[in-house]
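Residue numbering for the sequence shown follows my numbering, beginning at 140 and increasing consecutively. Backbone N, C-alpha and C define an ideal beta-carbon position, used for all residues, glycine too. Quick notes on the structure that follows.
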Amino acid sequence: MGVPVARVPKGREALFFNGQFKDADDIGEYGRGVEQDVERFEGQSEWLATLIPDPRRPWKGLDPARIDRISLAEWMDRLDLLPFVKKYYTAWLSGCYATDLRDLSLLMYARDMKVYAHVPSEGILAYRIAGGSDALATAFGARLGDSVELEAEVE
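And the structure:
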């Protein structure tokens, strides 16, 4: 499509949460047990991925109907996470899925954990659309040409 992109340099990862700004590597500074709960949550998320042999067919996994009846929010409640850790992952995952976690099936989350199980968390290249995100819409519009009616009244 010809939309130029610019590589985003890897920077420090930081968290601003509960009115505190910390380096992401220092998550333990948010309170006693936080680092252990983060590791426990991530470990349990990785374990969920093992229940899904093939992410293209999550319904073929181990007891998919039971897993599907549980929401991600309910599963997180069952983990009895520290309040900070629960708030952090609720905010993060709600943003990723663009929905309330009470409306998200644990089966979908488990499938996604399987899909991303082998994606490295470090060294991933990130890009931005050069000139801003509206350049993408402008490029689509240019490609569509006269078939796009601007400022048209919608009935």
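Evaluate residue i with the Cβ neighbour count: other Cβ atoms within 10 Å of its Cβ, from every protein chain shown; 16 or more gives buried, anything less gives exposed.
i	result
residue 293	exposed
residue 184	buried
residue 204	exposed
residue 227	buried
residue 220	buried
residue 188	buried
CB-CB under 8 Å to residue i, same chain, minus the five flanking residues each way: which ones, in chain order?
i	result
residue 270	143
residue 285	none
residue 174	166 and 167
residue 287	280
residue 229	212, 215 and 240
Would you kindly work out how many angstroms separate the C-alpha atoms of residue i and residue j, rounded to a whole number?
i	j	result
residue 246	residue 235	16 Å
residue 186	residue 267	33 Å
residue 171	residue 213	24 Å
residue 159	residue 145	31 Å
residue 217	residue 202	18 Å
residue 257	residue 280	36 Å
residue 290	residue 180	48 Å
residue 238	residue 155	21 Å
Going by beta carbon distance, what residues of the same chain come within less than 7 Å of residue i, once the five residues before and after it are set aside?
i	result
residue 243	210, 211 and 236
residue 191	197, 200, 249, 250 and 253
residue 177	166 and 224
residue 232	211 and 240
residue 194	250, 253 and 254
Might you give, ordered along the chain, the residues of its own chain that have their beta carbon closer than 6 Å to the beta carbon of residue i, omitting 5 neighbours on each side?
i	result
residue 169	223
residue 182	none
| message | With three or more beta-carbon pairs closer than 8 Å as the criterion, would you say the segment 204–223 touches the segment 268–283? | response | At 8 Å Cβ cutoff, the stretches do not touch.
| task | Can you check the segment 232–292 for any alpha helix (DSSP H) of at least 4 residues that lies completely inside it and give the ranges in chain order? | result | Whole alpha helix (DSSP H) segments, 4+ residues: 245–254 and 273–283.
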